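Enquirer:
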Amino acid sequence: MKKQNENGRISEDRLSRANKRKKNNTIASILVMTGCLLVLVLVTYVAGILYSWIDSKFQDNANDLAAAAEAGGQTESAAEAARTYTQEEVDALIAEAKQQAEDEEENKILSGIRDGLTSGTTMVETLRPYYPNELVVVSNGTFNFVPIRDDLQKNDYALENLNILEDGEVQYMQDGQVVSHKGIDVSKHQGNIDWTKVAADGVEFAFIRVGLRGYGTEGKLVEDEYFEQNIKGALQAGIKVGVYFYSQAITDAELLEEANLVLEKIKPYNVELPIVYDVEKVSGGKGRANDLSVEDRTRLTALFCQTVQDAGYKPMIYHNMEMATLMLDLGQLEQYDKWFAYYNDDLYYPYAYKVWQYSEKGAVDGINEEVDLNIWFGDF
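The sequence shown runs 598 to 977 under this note's numbering.
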């Protein structure tokens, strides 16, 4: 029994050792496989990095080559374009360029003038846009280019604020509201006027002629035969009134005679608006005041205004483009309000004025003849 037991233990020991060897072989195999897998991963990773580096270097080289090619092309083009000019050649090139520019500008101006004239615009209106710093004025058939004065007050009226109605009436708008007042000026030439109808047609103010001085050598004073009738009718209709006198005075004495006549005639009436000195050149004839110098005409105008002001009334000067630019020194008349006559709707005149006579061929209900139309900017 003892020998058998020993033999049995021997067999068990052999079997145990065999199992251990088998287990060890399995573990070794797993370790080898794991190692191989890690090596494969490492190789793949290194290969990826190497590929990226090679690709980057290749791209950098390609960009360098492209930049070099472009730089080479530019250098070549610049070299081809480069030239050396003598002073005479430079002067000739400048002269040619100037001449070309002048020819182009001349053609542009001529084309603009042609287009303006063929569209029915007068020559003076056609020329004005080409001289923004000057006033283009026609006097005695001559075109005058008068520099715009910096020392004179300017108006701030904007063309886009004009509202022209179908019947030709002009309004001035601000923020969608009419801020101007509708007015007329009348004399005996309008005949009998129905002032109630005039007021119903929206007329808010009227300048009524007191009289005039004759154009001839004698220069007699003439009272307007419709003055009393007109001023009474306008006031009764609730229309504010001012008055004007058409002057032909050539001396201080004549001027004071005119002013005193006006002051005497308006005494009985409530004249709220200005007393106006109508200073303008007689057209189509030889007016006795046409040949006054600028200095004399300006002095007489200022004397009338000062006389009216001393009497407690508000003076105003009626004038047109020719008078403003060529026949008066407005710098000496800045303190007085202006009434400006101009029959285009372009607001071309730059200087300050309160009343604009924009038409001499207006139509107003209650007046059978053509009548001058005016607007008063802002408040009375």
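Positions of the beta carbon are idealized from the N, C-alpha and C atoms, including for glycine.
Since the model is a prediction, treat every value here as computed from it, not as a measurement.
Determine the contact status of Cys993 and Tyr933, defining contact as a CB-CB distance below 7 Å.
Expert: Absent from the model: residue 993. The displayed extent of the chain is 598 to 977, so no value can be given.
Enquirer: Check whether the region 878 to 890 and the region 835 to 855 touch, using three or more Cβ-Cβ pairs below 8 Å as the test.
Expert: The region 878 to 890 is in contact with the region 835 to 855.
Enquirer: Which residue or residues does DSSP assign as beta-bridge partners of Thr739?
Expert: For the purposes of this step, residue 739 is identified with residue 142 of the sequence shown, where counting begins at 1. According to DSSP, Thr739 bridges with Ser736.
Enquirer: Could you tell me the alpha carbon to alpha carbon distance between Glu693 and Glu701, rounded to whole angstroms?
Expert: One-based indexing of the sequence shown puts residue 693 at position 96. One-based indexing of the sequence shown puts residue 701 at position 104. Approximately 12 Å between the Cα atoms of the pair.
Enquirer: Tell me, please, whether the region 837 to 844 touches the region 870 to 879 by the rule of three or more beta-carbon pairs shorter than 8 Å.
Expert: Yes, the region 837 to 844 is in contact with the region 870 to 879.
Enquirer: Give the DSSP-derived three-state secondary structure of Gln932 in the structure shown.
Expert: Here residue 932 refers to the residue found at position 335 when the sequence shown is read from its first residue. Note: Gln932 maps to coil in three-state DSSP.
Enquirer: Residue ranges of each alpha helix (DSSP H) run of no fewer than 4 residues wholly in the region 840 to 894, ordered along the chain?
Expert: The qualifying runs are 849 to 863.
Enquirer: Within the same chain, show all residues whose beta-carbon is closer than 6 Å to that of Leu756, passing over the 5 residues directly before and after it, in chain order.
Expert: As a position in the sequence shown, residue 756 is number 159, starting the count at 1. Around Leu756: Leu944.
Enquirer: Measuring alpha carbon to alpha carbon, tell me which of Glu966, Gln954, Lys958 ends up nearest Phe802.
Expert: The residue given as residue 802 occupies position 205 in the sequence shown. Cα-wise, what sits closest to Phe802 is Gln954.
Enquirer: Would you call Ala831 buried or exposed, if buried means 16 or more other Cβ atoms sit within 10 Å of its Cβ?
Expert: On the sequence shown, position 234 is the one that residue 831 refers to. Ala831 should be labelled buried.
Enquirer: Residues in the same chain with beta-carbon distance under 8 Å from Ile972, minus the five sequence neighbours each way, listed in chain order, please.
Expert: In the sequence shown, residue 972 corresponds to position 375, counting from 1. Excluding sequence neighbours, Ile972 sits near Val767, Gln768, Tyr769, Ser777, His778, Lys779, Gly780, Val952, Trp953, Tyr955.
Enquirer: Could you check how far apart the C-beta atoms of Leu724 and Val733 are, in whole angstroms? I think they sit under 8 Å.
Expert: The sequence position of residue 724 within the sequence shown is 127, counting from 1. The sequence position of residue 733 within the sequence shown is 136, counting from 1. Their Cβ separation, rounded to whole angstroms, is 5 Å, which keeps Leu724 and Val733 in contact under 8 Å.
Enquirer: Look at the Cβ atom of Val783, then the Cβ atom of Gly963, and state whether they are nearer than 7 Å.
Expert: What you label residue 783 is simply residue 186 of the sequence shown in a count that begins at 1. What you label residue 963 is simply residue 366 of the sequence shown in a count that begins at 1. In this structure, Gly963 does not lie closer than 7 Å to Val783 by Cβ.
Enquirer: Residues in its own chain within less than 6 Å of Arg806 by CB, not counting five upstream and five downstream?
Expert: Translated into the one-based positions of the sequence shown, residue 806 becomes position 209. Correct list, in chain order: Ser784, Asp821, Tyr841.
Enquirer: Compute the Euclidean distance between the alpha carbons of Glu861 and Gln750, then round it to the nearest angstrom.
Expert: Here residue 861 is taken as the residue at index 264 of the sequence shown, counted from 1. Here residue 750 is taken as the residue at index 153 of the sequence shown, counted from 1. So the alpha carbons of these two residues sit roughly 33 Å apart.
Enquirer: Quick check on the DSSP output: what are the complete beta strand (DSSP E) runs of length 3 or more inside the region 742 to 807, in order along the chain?
Expert: Qualifying beta strand (DSSP E) stretches, in chain order: 759 to 761, 767 to 771, 777 to 783.
Enquirer: Using only the alpha-carbon positions, how far apart do Leu853 and Leu900 sit?
Expert: Position 256 of the sequence shown, counted from the start, is the residue given in the question as residue 853. Position 303 of the sequence shown, counted from the start, is the residue given in the question as residue 900. Roughly 8 Å between the two C-alpha positions.
Enquirer: Going by the CB atoms, is the gap between Asn730 and Ile710 shorter than 7 Å?
Expert: In the sequence shown, the residue the question calls residue 710 occupies position 113. In the sequence shown, the residue the question calls residue 730 occupies position 133. No. Outside cutoff.
Enquirer: Given this structure, state the Cα-to-Cα distance separating Asn965 from Leu925, to the nearest angstrom.
Expert: For this step, residue 965 is matched to residue 368 along the sequence shown. For this step, residue 925 is matched to residue 328 along the sequence shown. Distance between the alpha carbons of Asn965 and Leu925 is about 35 Å.
Enquirer: So the alpha helix (DSSP H) Gly819 belongs to, where does it begin and stop?
Expert: Reading the sequence shown from its first residue, position 222 is the one you call residue 819. For the record, residue 819 in the displayed sequence is Val; it is not Gly. Per DSSP, Val819 belongs to no alpha helix (DSSP H); it is in the beta strand (DSSP E), 818 to 820.
Enquirer: Assuming Leu970 is part of the beta strand (DSSP E), what are its boundary residues?
Expert: Numbered from 1 along the sequence shown, position 373 holds the residue referred to as residue 970. Unbroken beta strand (DSSP E) run through Leu970: 968 to 974.
Enquirer: By a C-beta neighbour count over all protein chains shown, 10 Å radius and 16 as the cutoff for buried, is Tyr648 buried or exposed?
Expert: Taking the sequence shown and counting its residues from 1, one reaches residue 648 at position 51. Confidence at Tyr648 is low in this model, with a pLDDT of 41, below 50, so the placement of that residue should be treated as unreliable; the coordinate-derived value is given next. So Tyr648 counts as exposed.
Enquirer: Mind checking Ala921: buried by the 16 CB within 10 Å criterion, or exposed?
Expert: Start at 1 with the first residue of the sequence shown, and residue 921 comes out as number 324. Buried is the call here.
Enquirer: Can you list, in chain order, the residues of its chain whose CB lies under 7 Å from that of Gly788, leaving out five sequence neighbours each side?
Expert: By 1-based counting over the sequence shown, the position of residue 788 is 191. Answer for Gly788: Asn965, Glu966, listed in chain order.
Enquirer: Less than 6 Å between C-beta atoms, sequence neighbours within five positions excluded: which residues of the same chain meet that for Lys617?
Expert: By 1-based counting over the sequence shown, the position of residue 617 is 20. With a pLDDT of 46 at Lys617, under the threshold of 50, the modelled position of that residue is not reliable, and the figure given next carries that caveat. Contacts found: none.
Enquirer: Give a yes or no on whether the minimum CB-CB distance between Glu815 and chain D is below 7 Å.
Expert: Going by chain labels, chain D is absent from the structure shown, which holds only one protein chain.
Enquirer: Which first and last residues belong to the beta strand (DSSP E) in which Ile914 is found?
Expert: As a first step, residue 914 must be located in the sequence shown, where it is residue number 317. Its beta strand (DSSP E) spans residues 912 to 917.
Enquirer: Would the beta-carbon of Asp748 fall within 7 Å of that of Gly928?
Expert: As a position in the sequence shown, residue 748 is number 151, starting the count at 1. As a position in the sequence shown, residue 928 is number 331, starting the count at 1. Yes. Within cutoff.
Enquirer: How long is the line joining the alpha carbons of Lys958 and Glu763, rounded to whole angstroms?
Expert: Along the sequence shown, read from residue 1 onward, the residue named residue 958 stands at position 361. Along the sequence shown, read from residue 1 onward, the residue named residue 763 stands at position 166. One C-alpha to the other measures close to 15 Å.
Enquirer: Assuming contact is defined by CB atoms lying nearer than 7 Å, are Ala856 and Thr895 in contact in what I supplied?
Expert: The count along the sequence shown starts at 1 and reaches residue 856 at position 259. The count along the sequence shown starts at 1 and reaches residue 895 at position 298. No. Outside cutoff.
Enquirer: Quick one: grab the DSSP three-state call for Tyr727.
Expert: The residue labelled residue 727 in the question sits at position 130 within the sequence shown. It is helical.
Enquirer: Confirm, please, whether the CB-CB distance from Val961 to Asp772 is below 7 Å.
Expert: Taking the sequence shown and counting its residues from 1, the one referred to as residue 772 is at position 175. Taking the sequence shown and counting its residues from 1, the one referred to as residue 961 is at position 364. Cβ distance not < 7 Å, so Asp772 and Val961 don't count as in contact.
Enquirer: Does DSSP classify Lys837 as helix, strand or coil?
Expert: As a working mapping, residue 837 is identified with position 240 in the sequence shown. Looking at Lys837 - three-state DSSP - the assignment turns out to be strand.
Enquirer: Which one of Gly738, Pro912, Ile706, Gly811 has the shortest CA to CA distance from Pro726?
Expert: What you label residue 726 is simply residue 129 of the sequence shown in a count that begins at 1. Here the closest residue by C-alpha is Ile706.
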